[in-house]
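Colleague: For the sequence shown, the numbering used here gives the first residue as -3, with consecutive numbering after it.
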Amino acid sequence: MTPTVAMDQQEQVSARDLLSDADLTPGDLALIFDLAERVKASPGAYSRALAGKQLAMIFEKPSLRTRTTFEVGMTSMGGHAIYLDHTKPRLGERESIKDVARNLERWVDGIVARTYAHQAVVELAGNASIPVVNALTDLYHPCQAVSDFFTLREKFGRLRGLKFAFIGDGNNVCHSLMLTGAKLGVSVRVATPAGFEPKPEVTEEARAAGRSASASPQLFHDPFEAVAGAQVVYTDVWASMGQEFAAHLRSQVFAPFQVNNTLMATACRDAVFMHCLPAHRGQEVTDSVLDSNRSIVYDQAENRLHVQKAILMLLMQAETR
Ligand code: CP
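#1: Once DSSP output is grouped into helix, strand and coil, what is the label at R154?
#2: Using the C-alpha atoms, what's the distance from E197 back to P(-1)?
#3: Name, in chain order, the residues that DSSP records as bridge partners for Y79.
#4: Tell me the rounded alpha-carbon separation between P219 and S247.
#5: Does the count of Cβ pairs from the segment 291 to 302 and the segment 250 to 267 closer than 8 Å reach three?
#6: Please classify L213: is it buried, with 16 or more other beta-carbons within 10 angstroms of its beta-carbon, or exposed?
#7: Taking 7 Å as the line, does the beta carbon of C272 fall inside it for any heavy atom of the ligand CP?
#8: Given a threshold of 16 other Cβ atoms within 10 Å of its Cβ, counted over all protein chains shown, does D266 qualify as buried or as exposed?
#9: Can you list, in chain order, the residues of its chain whose CB lies under 6 Å from that of E221, leaving out five sequence neighbours each side?
#10: Give the straight-line distance between the Cα atoms of V186 and P194, rounded to the nearest whole angstrom.
#11: Whole angstroms is fine: what's the gap from M3's alpha carbon to K305's?
#12: Tell me, to the nearest whole angstrom, how far the beta carbon of I54 is from that of V142; I am working on the premise that it is less than 8 Å.
#13: Give me the Cα-Cα distance between L14 and V228, rounded to the nearest whole angstrom.
#14: So, are the CB atoms of G23 and A47 less than 8 Å apart?
#15: Classify D105 as buried or exposed, calling it buried when 16 or more other Cβ atoms lie within 10 Å of its own Cβ.
#16: Quick check: does the Cβ of R61 come within less than 7 Å of any heavy atom belonging to the ligand CP?
#17: Determine the closest residue to F145 out of C264, L120, V184, with distance taken between C-alpha atoms.
#18: Give a yes or no on whether 8 Å exceeds the smallest Cβ distance from K36 to chain B.
#19: Which of the three DSSP states, helix, strand or coil, is assigned to S210?
#20: Any heavy atom of the ligand CP closer than 7 Å to the beta-carbon of Q140?
#21: Would you list, in sequence order, the uninterrupted beta strand (DSSP E) runs of no fewer than 3 residues that lie entirely inside the segment 212 to 280?
#22: So V128 packs on F160, CB below 8 Å; how close in whole Å?
#23: Along the beta strand (DSSP E) that carries I126, what are the first and last residues, could you check?
#24: Could you give the DSSP three-state label for V186: helix, strand or coil?
#25: Would you decide whether Q140 is buried or exposed? Buried here means 16 or more other CB atoms lie within 10 Å of its CB.
#26: Identify whether I163 lies in helix, strand or coil by the three-state DSSP scheme.
#27: Taking the alpha-carbon positions, what's the F152 to R90 distance?
#28: Just to confirm, is the Cβ distance from T83 to E56 under 8 Å?
#29: What residues in its chain sit with their C-beta under 7 Å from that of L301, if we drop five residues either side in the sequence?
#30: Please report the straight-line C-alpha distance between L120 and A97, rounded to a whole angstrom.
#31: I'd like to confirm the pairing. Which residues does DSSP put opposite S291 in its beta bridges?
#32: Quick check on the DSSP output: the alpha helix (DSSP H) that includes G23 runs from which residue to which?
#33: Excluding the 5 residues flanking A202 on each side, which residues of the same chain have their C-beta closer than 7 Å to its C-beta?
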């Protein structure tokens, strides 16, 4: 029989929801990392950790990794996940977000939501008595960033002071990496074309969040300057979901920001390459980098599962030991 886990009241995150990286303290991140490490090492020990729990998964945008990992995560812990397709109509169009929240809280124990407007997940959480997890909005992708730093902790054995470069668009993933990185003592160096910088208010938020860890994001317009000596080189698509209409124009503006062998050659000799995926091969990254032995993109994807299982357990106040 699979051993079951025991409740530890001490093992609680301070957050009620995970809407933005700002919701997690450095202590919360340490708890998530430690639990994710145990879950990854002994998944069978957690096979009943969410027994009887129900998760609603609202998606306005497509997903491979996020949907699969949350659904597999719930099922593998004895729970159940329900996919709610909100590509059409979007959340709030058929009925108010408030009413969606007030219905769902009567049936399920948690909500995961991928929306265009960040305000939609804020409104869901404001009206639901159950935890709400941001599965990507136009502003943040916290589950991605937490998983990515977990992956880096595995690879490097530490995080503080890691030389991290993000190349491309100052988008939601960039925002979350800057914010979570700052809390963990990682100063993310961001190189974007002019006009595609991360939002100034998020950069300021990350600077403030990093003060106690002596970490602060830095902005560049030259990818070689940002990557020089980096231990981590990260990129993402040049046109995020919802910006596909601008993909052609962006592909010209962003061309000098492609992560290829020439750019990687300026990074640290043992640098790793990261991408949240999906990747547009031949655009933001070449096959030669994505398929190289420096690339850890599939480790990142795998760890989404372990880290989100930890997040679900901690937010749903499950048994965690
Ligand atoms: N990285 C990520 O969130 O992947 P999906 O869009 O496939 O969920």
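We put the beta carbon where it would ideally sit given N, CA and C, even for glycine. Everything numeric in this text was worked out from a predicted model, so none of it was measured.
Modeller: This is what the structure gives:
#1: coil
#2: Reliability of the predicted coordinates at P(-1) is poor, the pLDDT of 37 falling under 50, and the value obtained from them is presented with this limitation in mind. Looking at the two C-alpha atoms, the distance is approximately 47 Å.
#3: M53
#4: 16 Å
#5: no
#6: Strictly speaking, residue 213 in this sequence is Pro, with Leu absent from that position. Buried.
#7: yes
#8: exposed
#9: none
#10: 8 Å
#11: Low per-residue confidence applies at M3: pLDDT is 37, beneath 50, and the placement is therefore not dependable enough to give any value.
#12: Between V142 and I54 the Cβ distance is about 20 Å, and since that is not below 8 Å, they are no contact.
#13: 25 Å
#14: no
#15: buried
#16: yes
#17: V184
#18: Among the chains in the structure shown there is no chain B, since it carries only a single protein chain.
#19: coil
#20: yes
#21: 214 to 216, 228 to 231, 268 to 271
#22: Going by Cβ atoms, the distance from V128 to F160 rounds to 28 Å, so no, they are not a contact pair.
#23: Neither: I126 is in no beta strand (DSSP E) and is coded neither H nor E.
#24: strand
#25: buried
#26: strand
#27: 47 Å
#28: yes
#29: T65, V68, G69
#30: 6 Å
#31: F269
#32: 22 to 37
#33: M174, L175, A178, P213
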